[in-house]
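So the sequence lines, in the order shown, correspond to chains A and B. Residues 3 to 428 in my numbering are what the first sequence lists, from first letter to last. Residues 2 to 329 in my numbering are what the second sequence lists, from first letter to last.
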Amino acid sequence: MTNPNAKTAALPYNRSRQAREAETMLDHITDDFDDNPPSMAYFYDLFRRAYCRGESIEREGVRVGTTCIHAPEELIYAFGATPVRLCNGSYHYDQIGADFMPAKSCSLVKATLGMLSSENAIPKTGKLDLIVNPTTCDQKKKASAMMAGMGHSVYELELPPAKESEQARVYWQRSVREFAVRLRQLTGKKLTRKNLMAAMAKTSRAQVAFRTLHNFRRKAPSLILGKDVFLVTNAYFFDDIDRWTDAVERLNAELAQREKDGFCAAQKKAPRILFTGSPPVFPNLKLPLVIEQSGGVVVADETCSANRMLYDMTSVDEWLLNNMVDSLADKYLKPCTCPIFPNNDDRIRRLLDLAKSFAVDGVVYQTFAGCQVYEMEQRSVAEALNKAGIVMLAVETDYSPDDLGQLTTRIEAFLESIKTRKRKAT
Amino acid sequence: MKRLKDAIDGVDLNRFRIWFQLAMFVLLVYGGYLAINLGNHLPMFACGFNQEGRGGICYLMPLQHQLARPWPQLFGMASLGVLTGFGIFWLWFIFLNKGWCGYVCPLGTIQDWITALRRRLGVRYARYTQDQFRHLSRVKYVLLALMILIPLGIGGGWFSRDMGTPFCLICPARMVLPLFTGDLSHLTVDFSSKTAVAMTVLGMLITGLFLTGAFVKKRFFCFFCPMSALHYLISRPALLKLRKDGDKCTRCGDCYRACDMEIKAIADDVKNADIMADDCILCLKCVAACPEPGALKATFATITIFESTEAGFIKRCQKGIGLDQPKR
């Protein structure tokens, strides 16, 4: 295919428009705010190296790309392979990916396709030995054939269309077992109780670190800003898991100290925002950033690039291989609040619980233009939240920077209305 | 107080249960040697046929005896005896609710031991499909009805006296528990009459089924237990309760995974606060396996005694994450 950036292709990567997109975002994240936690430096640096300078962050061994949180990473680790989450947030790739998908489709899917079609994809995670594409939304499903057309080896991990029935659960457990068989063919290794246990411990340690970070965000006034947390969870997509966990643990230690010192990361009266809907993926942290630049603070989220990816933990009753694999399968299906499932009660209950336990003032609901499932759930979510006395702002956007001004105005007005409400209440 | 609560909520429940069940087993199966007698109205299978060692007797045995009295007697003054008997049984019961099944019942404990053996051998357990589960779940009510109707029929002169205590004749506890005090006499077929032959042969078969069933299926027998059915029918005023706060539940299904009785509602039902199902044995493994603070809890007379917490969950359910070890 033709490279739309043919003119700039000759430039070194760090001077390309693509690198500048990431750099601008990162500069805003670091420079627009005072008092960034020193332990965030690890993450700022990681993104600068990976996205702005195009440095390689390849890892040894078999690399398995995943296009959705439904692909069980513990299984991939157990086979000695490394998972890389492919969901992409770059406007540059969104434009390239537009060649593959209809005009009105989701930026995230387009950007992912755009990245996969590029020869020197950023972040540079190395050649993928396999792409696992869980059959979630229609756009991701149809992307399978396109990825295969680009020369990738694609495995469709079959997800049931609903999640509540026992039938769906058993179907999914079988899918996950099949996936283990595929990984065995790919790696030539055997799945054992021991290596799966070690893999699960790896993920579980990361999840515990995430949960600790999550719990720190309950504190009012806030100890950390949402833009930083989104960067942390985004790093989980491609960073080495143990290194990531260590970095998060250091951050947690710092937040514990901040709590002791009575530190405030945002103004005491800053409206506390719960972020939900289409997932913010770096460099598209546009909306969370605008919220915090306008004086709000994102204290919690319900998105598959952060909370939904790391929050729910596995429990195993009997530590035998069969039971462990089934337990993993359950964790990836049952608590999932993805809008592709017919009922969204779980998502609404989750949002209400987060709103309550994080003392949230308002909810911002991001929908990528073209993501129908999130659009369709918007009404029911807004109704449920309003009934509970929580205001919600629905924002339809995409990866293009064009609507930044308009978004800023809307967010500012929303935050202002929250502040007025709060003032009146007291 | 807070530290005590944290210690309880962080307890390794499975280990606690192993020791508690063992202690109860010794009390009820060997207590007789120490002249312990908790009476004959106990709400679980402390089998009366274990004559030397028993530390108390299962209520179903005297109940069936009493109901088999001739009708004029049963519906006359003897009814008073039946009612007081039931009253004493009920008082025992409301104290622990179905916790009698999960923590005290010797037959339940034996099944847990067989499960532990299977796990040691690395054999996976079997599961029912939801349909099977629904149908099997009803069997215990049928057994309960028969257990009441047959003795009544004997009293009315319709059945042979050889059918007396019909459930005891087929209950695996009658054959299994006396074995622990070296009494092999119940592992025999009684040839005194046709009815006796039929009932004791059936009993032998069920015991065989019990032993094999418990090996492949966790708490195999408890699905069919008429005592469990009786418990459920009178459980409303019980003091020990299993409660759920549906608002805090993410329906992750961790509790359902842990459930020996495969009760799906424990994970999926977010409406009912009083979540104990008829098959529940109140082992509280679900509470221990729940990662959401306060979503599941055990209360005694409305006081919370054991509650799901994030820290407790991580300690119990996440193996080898090395939180106690120094970080790199």
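For every residue, glycine included, the Cβ atom is placed at its ideal position computed from N, Cα and C.
May I ask whether a heavy atom of the ligand NAD can be found less than 7 Å away from the beta carbon of residue i?
i         : result
B/Tyr-233 : The ligand NAD is absent from the structure shown, which contains no ligands of any kind.
With a 10 Å radius around its C-beta and 16 neighbouring C-beta atoms as the bar for buried, classify residue i as buried or exposed.
i         : result
B/Lys-3   : exposed
A/Glu-385 : exposed
B/Val-202 : exposed
B/Met-78  : exposed
A/Pro-163 : exposed
B/Asp-7   : exposed
A/Glu-294 : buried
B/Leu-137 : exposed
B/Trp-101 : buried
A/Met-117 : buried
B/Pro-292 : buried
A/Val-365 : buried
B/Gln-326 : Confidence at B/Gln-326 is low in this model, with a pLDDT of 40, below 50, so its placement is unreliable and no value can be given for it.
B/Pro-294 : buried
A/Ala-80  : buried
Using a Cβ cut-off of 8 Å (strictly closer), state whether residue i contacts chain B.
i         : result
A/Met-199 : yes
A/Trp-321 : yes
A/Leu-362 : Per the sequence presented here, residue 362 of chain A reads as Val, with Leu not at that position. Cβ-Cβ to chain B under 8 Å: no for A/Val-362.
A/Pro-337 : yes
A/Lys-333 : yes
A/Ser-177 : no
A/Arg-310 : no
A/Ser-2   : Past the edges of chain A, shown from 3 to 428, lies residue 2 of chain A, and the structure says nothing about it.
A/Arg-213 : yes
A/Arg-17  : no
Let me see if you follow: with CB-CB separation under 8 Å, is residue i close to chain A or not?
i         : result
B/Arg-125 : yes
B/Cys-253 : yes
B/Glu-308 : no
B/Glu-311 : yes
B/Arg-329 : Low local confidence applies: a pLDDT of 36 at B/Arg-329 is under 50, so the model's placement there is unreliable, with the coordinate-based value given in what follows. Yes, contact with chain A.
B/Lys-3   : no
B/Phe-17  : no
B/Ala-278 : no
Return the bridge partner residues of residue i from the DSSP annotation.
i         : result
B/Ala-299 : B/Leu-243, B/Phe-307
A/Ser-58  : A/Lys-126
B/Arg-258 : Answer is none; B/Arg-258 lacks a bridge partner.
A/Tyr-157 : A/Val-134
A/Val-86  : A/Gly-67
A/Glu-398 : A/Thr-369
A/Ile-275 : A/Val-300, A/Gly-364
B/Asp-275 : B/Arg-244
B/Leu-43  : B/Cys-59
A/Val-283 : A/Asn-286
A/Val-393 : A/Gly-364
Which residues in chain B sit within 7 Å of residue i, going by Cβ to Cβ distance?
i         : result
A/Ser-317 : Asp-255, Arg-258, Ala-259, Ala-290, Cys-318
A/Asp-314 : Thr-251, Cys-253
A/Asn-325 : Arg-125
So residue i contacts chain A; which residues on that side make the cut at Cβ distance below 9 Å?
i         : result
B/Asp-248 : Arg-351, Leu-354, Asp-355, Lys-358
B/Arg-120 : Glu-320, Trp-321, Leu-322
B/Val-12  : Result: empty, since nearest Cβ-Cβ is about 16 Å, beyond 9 Å.
B/Val-271 : Asp-347, Asp-348, Arg-351
Check the Cβ of residue i against every Cβ in chain A and list those closer than 7 Å, keeping chain order.
i         : result
B/Gln-131 : Glu-168
B/Ile-1   : Chain B is shown only over 2 to 329; residue 1 of chain B falls outside these bounds and no answer can be derived.
Starting from the beta carbon of residue i, find every residue of chain A whose beta carbon is closer than 8 Å, and list them in chain order.
i         : result
B/Lys-265 : Glu-168
B/Val-30  : Here the premise fails: no neighbours, minimum Cβ distance about 27 Å.
#### Entry: Three or more C-beta pairs below 8 Å linking the segment 18-35 of chain A and the segment 89-100 of chain A
yes
### Task
Check whether the segment 146-166 of chain B touches the segment 29-36 of chain B, counting contact only when three or more Cβ pairs, one atom from each stretch, lie closer than 8 Å.
no
### Query
Do the segment 68-76 of chain A and the segment 324-344 of chain A meet, that is, are 3 or more Cβ pairs less than 8 Å apart?
Yes, the segment 68-76 of chain A is in contact with the segment 324-344 of chain A.
### Query
Does the count of Cβ pairs from the segment 85-94 of chain B and the segment 261-276 of chain B closer than 8 Å reach three?
no
### Task
Would you be able to state if there are at least three C-beta pairs under 8 Å between the segment 144-151 of chain B and the segment 273-285 of chain B?
no
### Cβ contact (3+ pairs, closer than 8 Å) linking the segment 253-267 of chain A and the segment 341-354 of chain A
no
### Task
Would you be able to state if there are at least three C-beta pairs under 8 Å between the segment 101-120 of chain B and the segment 170-180 of chain B?
Contact between the segment 170-180 of chain B and the segment 101-120 of chain B is present, because at least three Cβ pairs lie under 8 Å.
### Query
Is it true that the segment 396-410 of chain A meets the segment 282-296 of chain A, where meeting means three or more beta-carbon pairs spaced less than 8 Å apart?
yes
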